[in-house]
Each structure stands twice: as structure tokens, then as C-alpha cells.
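To start, the structure itself, in C-alpha cells.
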Amino acid sequence: MAGAPLIQLDDVTKVYRAGEVEVRALAGVSLVVDAGEFVAVMGASGSGKSTLMHLIGCLDRPTSGRYLLEGREVSGLNRNALAEVRNRTMGFVFQSFNLLARTSALENVELPLIYAGVPAAERRRRAAKALRQVGLGDRLEHHPSQMSGGQQQRVAIARALVGAPRLLLADEPTGNLDSRTSGEVMALLRGLSEAGLTIVLVTHAPDIASWTSRVLQLKDGLVTSDERVARVPSGVPAHAGAFETAP
Amino acid sequence: MSPWAVLRLAFRALGRNTMRSFLTALGIIIGVGAFIAMVVIGEGAKARVEEAFSSMGTNLLIVLPGSSSQRGVFGGFGSLPTLTWDDLKAIQTEVPSVRHAAPQLRSTASIVSEEQNWTTSVTGVTPEYFEIRNWPVASGIPLTASDVDGATKVVLLGRTVVDRLYGPGADPVGQTVRIKSMPFQVIGVTARKGQSPNGQDYDDAVFIPVSTYRSKIQGGLGNFIAGSIFVGASSPEATARAEREVRSLLRERHHLAPEVDDDFQVRNLTEIATAQQEGTRTLTTLLASIAAVSLVVGGIGIMNIMLVSVTERTREIGVRMAVGAKPRHILAQFLAEALSLSVMGGVTGALLGLLTASRLAARFGWPMLVRPGIIVLALAFSGLVGVVFGLYPAQRASRLDPIEALRYE
Chain A
1 MAGAPLIQLD
11 DVTKVYRAGE
21 VEVRALAGVS
31 LVVDAGEFVA
41 VMGASGSGKS
51 TLMHLIGCLD
61 RPTSGRYLLE
71 GREVSGLNRN
81 ALAEVRNRTM
91 GFVFQSFNLL
101 ARTSALENVE
111 LPLIYAGVPA
121 AERRRRAAKA
131 LRQVGLGDRL
141 EHHPSQMSGG
151 QQQRVAIARA
161 LVGAPRLLLA
171 DEPTGNLDSR
181 TSGEVMALLR
191 GLSEAGLTIV
201 LVTHAPDIAS
211 WTSRVLQLKD
221 GLVTSDERVA
231 RVPSGVPAHA
241 GAFETAP
Chain B
248 MSPWAVLRLA
258 FRALGRNTMR
268 SFLTALGIII
278 GVGAFIAMVV
288 IGEGAKARVE
298 EAFSSMGTNL
308 LIVLPGSSSQ
318 RGVFGGFGSL
328 PTLTWDDLKA
338 IQTEVPSVRH
348 AAPQLRSTAS
358 IVSEEQNWTT
368 SVTGVTPEYF
378 EIRNWPVASG
388 IPLTASDVDG
398 ATKVVLLGRT
408 VVDRLYGPGA
418 DPVGQTVRIK
428 SMPFQVIGVT
438 ARKGQSPNGQ
448 DYDDAVFIPV
458 STYRSKIQGG
468 LGNFIAGSIF
478 VGASSPEATA
488 RAEREVRSLL
498 RERHHLAPEV
508 DDDFQVRNLT
518 EIATAQQEGT
528 RTLTTLLASI
538 AAVSLVVGGI
548 GIMNIMLVSV
558 TERTREIGVR
568 MAVGAKPRHI
578 LAQFLAEALS
588 LSVMGGVTGA
598 LLGLLTASRL
608 AARFGWPMLV
618 RPGIIVLALA
628 FSGLVGVVFG
638 LYPAQRASRL
648 DPIEALRYE
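Right under this line is the structure:
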């Protein structure tokens, strides 16, 4: 829907029941993220940042409130419809990479396309392209165990990109990496952002958040601050074509 | 996802744990193998029994004379001649369900050809005997009524006797053999008949007219038949009726009071054959049921391993769900693995079962009868086992919460 923001949360709550105790993981969050933004979600553990991430990623449904994704209400969808939304609109990057073991980089990257029903030849072509895009064009047949942490995370990023998503969700993507590799991964994400991809990143590290253009602070299930960082958009025109946003 | 893609995925997953997959499938392999081997061997044994009995003759009753009893010692059936030639004639003419009746008198004698000699069973019969036993001549001419009327010295040789006296494949029609020093002209050779149910060679015998037998070979019981009567009923259905009618006719002719036991015995070979087949069938069913139970146990093994596999791959399931796998995709993936295990086990088991059956059949000299239906049944059953026991683990996998699954350590 033209004009609608990519993500719009209206007073979203999430309540878990842990036995007798009710845990309010999100106590009423309203948020708008426009296409092309690079957002960092920060907060202590238990602040609700992971829950917010899961809701935005359509891995979970809010207890109350509305979630509009590209103007479309998704908070009431069933599991099948949510899977389809994730497949078409999202890319996920996790702290622990979550690559399939004993499976080549190429096949790992192909995974989302399998569920999108893309034919095999086309799958391979697009997966190889995504791997080249993250600088792993020469590692197509390597298995995760044959790659470094940074390389594995780049395979995971390629997997997140291969379906040409509108939104990339990264949950502590550098949590298992040393600082030099972290920098490489963040530079890669930054490049993607500058090419027009919307990214929401969860982190607790301020230096990681400093790569982004907007920082949200969460505490006890509420947004306590929302700062936009003015950044010189270095070389945006030059990178604009580097990332393909439409399938 | 296409079924083909799902299947490829399943094979890859199974291939990562070859040893485990093999051990899991082993239960199905043994179950299906045992099932097929049992059924095929059972069918072979049944066919062997059938063949043996049909080689004796069709719709056949054998009437044996009664047993002698002297001071409480019973001599067994046949030890006391109680059947008369008039009894034979009465059976032939008075019982409508009987098509033919023929005497069989038998003793052992030496047969001498120009070069060889062979001791065998010399049998005195009538032309009807061959009708009842469904036993044609392979070469030459059969016995005729005029041979019996004229008590001619002609002989039909069994195939085994021909082999012994003249060598395999020889045609001795027209030659002369000596039985008890008397020359007999060979007029024909009977067709090969094979073995009786207890392994006796039917072809190791020669046949002469019953009149000639009584006058030249073994005379002497006057009105009594020193042998048995072979009775052919008019149809397989009439065999039981013929048995009853022959029995009541003979009791009447022998003036037996109702409380007195028969002084003869009527053996109904169809009945014996049926009973034997029934026994074989029961045994086959029993063994096949045991094999089927082991197939179910194999299915439980599959379920066990699939549950382990789902737990081990919880994270993989989470990742697949995160990138867009629907519950049915996960269900299909694990169901396909269970099904591949059971069907591959089924195919391997079927081959193994057939191999075992053919080895055993060759060893016991049974025919090997494979009904395709049995193989289809076994494979379908193993597939069913895969679906039934794979469904629960697959459902469990498909119902995982993606967030929980991704967090699973």
C-alpha cells in the first residue's frame, strides 16, 4: 500500500503466562518504522526487546494492539499466513547463525526459496548471487563447519537477503563474533541499509547501535527513548543499485 | 514444495545418519522379509501337498478290507480279506455317485528283460483303474476289457521300471519281459506320475490284467479280493456322498448289525488332502501373523527414532519455520523420512524374503509360488506402518513454536 509505513505498531502488548505469574513482556508499544530506516533496539535483558523483535518478525502474535505491516493488519493471521508473510517480506539473522549443519552454503541460502516454491535452477542462481553479494562467491560449496564465524554470519545474511525481503531483522548479529569481524558484518549491514533495505537490529552494545540511524531504548516493556541519528549518507547514489529490493 | 523435493530432503537427512537409518529400517526389513518368506514357503508347501494328492487320482476313494483279530490282536486293515468280487460288482452297478470301481491286487516280483532285471510291484488291475487314477499311457496302448476277459499275458510298464530295464528314454513297446519266468508282452508304458504324499514312487510298478494276475501270479482267495478296491466318484462334490453310499452298501452286503464296526475301511483321499491343506494354511497364517507383529514392532522403532530426530533437530525446525516453512512443510518433511525408512525397509525385506524363500524352496524341492498380491500387500503394510508411526513425531515437529524452537539448546 503506497504511503503506508513499513511497520506500524499501535499500543501493542504481549503477556506471557508462566504458571501462576503473568509476565508483561510488552506493556503497550506504539512505533512507526518507515522503509529504508536502520533501527537499533536496545535494552537490558528482560526489557522486552526480543519479544518486540519476534512480534515484528511475525514469529509471534501480540496479546492486544494492532500490527500493520505495509499497511496490512497481520496481528490476527494464522500460522500458515504468518509463515507466508515471513517468507515473502522478512529476512532473519540470528546471534548463533542458525545455519543447517552438514549443508553447503549454497543450500543454506536456498532454504527460503524452497518454501517460496522457486524452481531449483532459479534457486541456485539467486542463492549464488546472494552469496557473491556478501563476498562469499568462492565459498558456495563450503559447509558451516569449514567457515569462520564471520563467514557463517555472512552466509546467514545471504540467506536473509535471497528472498528480496522488505525487512531484515537481526537479533544480536554480532554477539558471537570478535570486534573486527563484528565491524565487517556491521559494515555489510550498513551497506545494505544505504542501498535501501529496512533493517531492525536488536543489540545491547552501544558501539553496534552507533552504526544505525535510529536507536530505540526499551525498559520494562515500554519504549523509553527514540533517537534519530543524523548521519551523512555516504555514497548513497553509488550503492543504490547494489541491492535488489524487488524480486 | 513438490513431493519430489520433499523426498530428496528426506533421503539427505537419512543419509546423514546411515547407520542409524539402517538399524531403524532393520525392524521393517526383518518383518517384511519374514512375512514374505513365510507366505511364499507356505504356498509352496500347500502346492506340494495338492500336487501329491492330485497325482494319486481325482475324486478317489480306496476301499480296504477289514482287520483280522485273533485273541485280541488286531492285524490292521487289509489283513483279513472281507471284500468280495461281488462287492466290487455291486459298487460298480448299484451306487449312482460312483463312476468307476476297480480292483488292485499287488505283490512284489522280479521282472527280467533281455539284459536286466528289476524287482518291483506287480499290480493286477482293470482298464477302469487307469481312469480312476487319471493315468494315461505315454506310449503303446492301454489295457482293454478283452485283455481282462482273455487273461492275456500283456504288461504295462511304469516309467521307473523302463528306466531300470532298458535305460532312460527307451521305448520297450513290443519287447518281452519275464515275470515269474512267464513271458509277458509289453504293450505300453504309463505316463510319469511322480511321488505319493509320503514319497513312494508311483512309477516303480508294472500292470497286468487282474485275471492274469489271479491265474498266473497269485491265485487263491476264491470269492475274496486279495487287495483293495479303487473307487472313482462321478465328481469332486460327489466324493463324500459316494463314500457314505459305498459304506452303507458294504455294511448291508456284509450283514453287519448297527452296533458292529465296519469290517472294511473307506479312505477318502480328497478329505485327507483338504485336511492337510487346511493344516498348512493354518500354520502359514500363524507364521505370517507373527511376522506381521514384528513389522509393527519395527514401526515402533521408527517412531522412537523419529522422536529422537525431531528433538535433535528442533533448531533446524525453528530456522525452517523462520524462513517461511509452514507447519505442513515440516509435517511432510518428517513424514517423508519415516515413510522412506519404512518403504526402503519394506523393499529390502521383500527381496530378502524372496531370496530366503527361493533358497528354502530349492532345498526342500518345493515349487516357489510368488503371488504379486502378497508383495504388494507387504509393501503397502510397511508403508502404512511408516505413516502411522511417523505421524505422531511429524505432528509434534510441525506444532513446535518457532521462537521456542530457535532458542532450543
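Note that the protein sequences, when read in sequence, are chains A and B.
Each residue of the first sequence is one higher than the last, beginning at 1 in my numbering.
Each residue of the second sequence is one higher than the last, beginning at 248 in my numbering.
No residue lacks a Cβ here, since even glycine has one placed at the ideal position from N, Cα and C.
Source: prediction; values computed, not measured.
Which of helix, strand or coil DSSP assigns to residue i
{"i": "A/PRO165", "result": "coil"}
{"i": "A/GLN95", "result": "coil"}
{"i": "A/THR13", "result": "strand"}
{"i": "B/GLN524", "result": "helix"}
{"i": "B/ASP509", "result": "coil"}
{"i": "B/TYR655", "result": "coil"}
{"i": "A/SER47", "result": "coil"}
{"i": "A/GLY3", "result": "coil"}
{"i": "B/THR370", "result": "strand"}
{"i": "B/VAL570", "result": "coil"}
{"i": "B/PRO343", "result": "coil"}
{"i": "B/SER541", "result": "helix"}
{"i": "B/LYS400", "result": "coil"}
{"i": "B/ARG627", "result": "According to the sequence as given, residue 627 of chain B is Ala; it is not Arg. Of the three classes helix, strand and coil, the one that applies to B/ALA627 here is helix, per DSSP."}
{"i": "B/SER360", "result": "coil"}
{"i": "B/GLU378", "result": "helix"}
{"i": "B/PRO640", "result": "helix"}
{"i": "A/LEU77", "result": "coil"}
{"i": "A/PRO249", "result": "In the structure as shown, chain A begins at 1 and stops at 247. Residue 249 of chain A is therefore absent and cannot be evaluated."}
{"i": "A/ARG72", "result": "strand"}
{"i": "B/ALA535", "result": "helix"}
Contact set for residue i: own chain, Cβ-Cβ below 7 Å, skip 5 residues either direction
{"i": "B/ALA480", "result": "ASN306, LEU308, SER344, VAL345, ARG346, THR486, ALA489"}
{"i": "B/GLY291", "result": "ALA608, TRP613, PRO614, MET615, LEU616"}
{"i": "B/GLY342", "result": "The sequence as given places Val at residue 342 of chain B; Gly does not occur at that position. So the list reads ALA489, GLU492, VAL493, LEU496, once near-sequence residues are dropped."}
{"i": "B/GLN363", "result": "ARG411, LEU412"}
{"i": "B/ILE338", "result": "VAL345, ALA348, ILE476, VAL478, VAL493, LEU496"}
{"i": "A/ILE157", "result": "VAL93, VAL134, LEU188"}
{"i": "B/VAL557", "result": "PHE581, PRO640, ARG643, ALA644"}
Option nearest residue i by Cα separation, candidates the options
{"i": "A/VAL185", "options": "A/ALA170, A/ALA128, A/LEU197", "result": "A/ALA170"}
{"i": "A/ASN176", "options": "A/GLN152, A/GLY135, A/ASN80", "result": "A/GLN152"}
{"i": "B/GLY416", "options": "B/LEU404, B/ARG425, B/ILE426", "result": "B/LEU404"}
{"i": "B/GLY289", "options": "B/GLY630, B/SER536, B/VAL310", "result": "B/SER536"}
{"i": "B/ALA438", "options": "B/THR399, B/VAL478, B/ARG380", "result": "B/ARG380"}
{"i": "B/SER629", "options": "B/VAL279, B/ASN264, B/LEU270", "result": "B/VAL279"}
{"i": "A/THR100", "options": "B/GLU525, B/GLU563, B/LEU598, B/GLN642", "result": "What sits at residue 100 of chain A in the sequence shown is Leu, not Thr. Residue B/GLU563 is the option with its Cα nearest to A/LEU100."}
{"i": "B/VAL286", "options": "B/GLU651, B/ILE622, B/GLU656", "result": "B/ILE622"}
{"i": "A/VAL85", "options": "A/ILE56, A/GLN133, A/PRO144", "result": "A/ILE56"}
{"i": "B/THR658", "options": "B/LYS427, B/ASP510, B/VAL590", "result": "Residue 658 of chain B is absent from the structure shown; chain B starts at 248 and stops at 656."}
{"i": "B/GLY545", "options": "B/LEU254, B/GLY274, B/SER443, B/ARG263", "result": "B/GLY274"}
{"i": "B/SER475", "options": "B/GLY571, B/PHE377, B/ALA392, B/PRO328", "result": "B/PRO328"}
{"i": "A/ARG190", "options": "A/GLU22, A/GLU20, A/ASP10, A/GLY36", "result": "A/GLY36"}
{"i": "B/PRO430", "options": "B/PHE636, B/GLU499, B/LEU516, B/SER357", "result": "B/SER357"}
{"i": "A/LEU9", "options": "A/GLY196, A/GLY65, A/SER193", "result": "A/GLY65"}
{"i": "A/VAL15", "options": "A/ALA120, A/ARG132, A/ASP60", "result": "A/ASP60"}
Own chain, CB closer than 8 Å to residue i, minus 5 neighbours either side, in chain order
{"i": "B/VAL294", "result": "The sequence given here places Ala at residue 294 of chain B; Val does not occur at that position. TRP613, PRO614, LEU616, listed in sequence order."}
{"i": "A/MET1", "result": "Any answer about A/MET1 is weak, because its pLDDT of 49 lies below 50 and its placement is not dependable; what the coordinates show is given next. Answer for A/MET1: GLU70, GLY71, ARG72, listed in chain order."}
{"i": "B/LEU261", "result": "SER268, GLU584, SER587, LEU588"}
{"i": "B/GLY469", "result": "none"}
Beta-carbon contacts of residue i that lie in its chain and below 6 Å, excluding the five residues immediately before and after
{"i": "A/LEU136", "result": "ARG154"}
{"i": "A/GLY252", "result": "In this structure chain A extends from 1 to 247, so residue 252 of chain A is not present and cannot be described."}
{"i": "A/ARG123", "result": "GLU110, LEU113"}
{"i": "A/PHE38", "result": "SER193, ILE199, THR212, SER213"}
* **Secondary structure, beta strand (DSSP E): runs of 3+ residues fully inside the region 432 to 505 of chain B** => 452 to 456, 474 to 480
* Residues of the region 53 to 69 of chain A with Cβ closer than 7 Å to any Cβ of chain B, in chain order -> HIS54, LEU59, ASP60
* Asked: Where are the beta strand (DSSP E) runs, 3 residues long or more, that stay fully inside the region 582 to 618 of chain B, in chain order?
  -> none
* **Selection of the region 166 to 190 of chain A by Cβ proximity to chain B, strictly under 8 Å** => none
* To do: Go through the region 116 to 178 of chain A residue by residue and report every complete run of the beta strand (DSSP E) that reaches 3 residues or more, in order.
  => 167 to 171
* To do: For the region 554 to 568 of chain B, enumerate the residues whose C-beta is nearer than 8 Å to any C-beta of chain A, in chain order.
  => ARG562, GLU563, GLY565, VAL566, ARG567, MET568
* Interface residues of the region 257 to 282 of chain B facing chain A [CB-CB below 7 Å] -> ARG263
* Interfacial residues, the region 197 to 227 of chain A to chain B, with Cβ spacing under 8 Å -> none
* Of the residues that make up the region 568 to 593 of chain B, which ones have a beta carbon closer than 8 Å to any beta carbon in chain A? -> MET568, ALA569, VAL570, GLY571, ALA572, LYS573, PRO574, ARG575, HIS576
* Pull out every residue of the region 14 to 45 of chain A whose Cβ sits closer than 7 Å to any Cβ of chain B, in chain order. => none
* With 9 Å as the C-beta to C-beta threshold (strictly closer), list the residues of the region 116 to 133 of chain A near chain B in chain order. => ALA116, GLY117, ALA120
* Note down, in chain order, all residues in the region 638 to 650 of chain B with a beta-carbon under 7 Å from any beta-carbon belonging to chain A. => PRO649, ILE650
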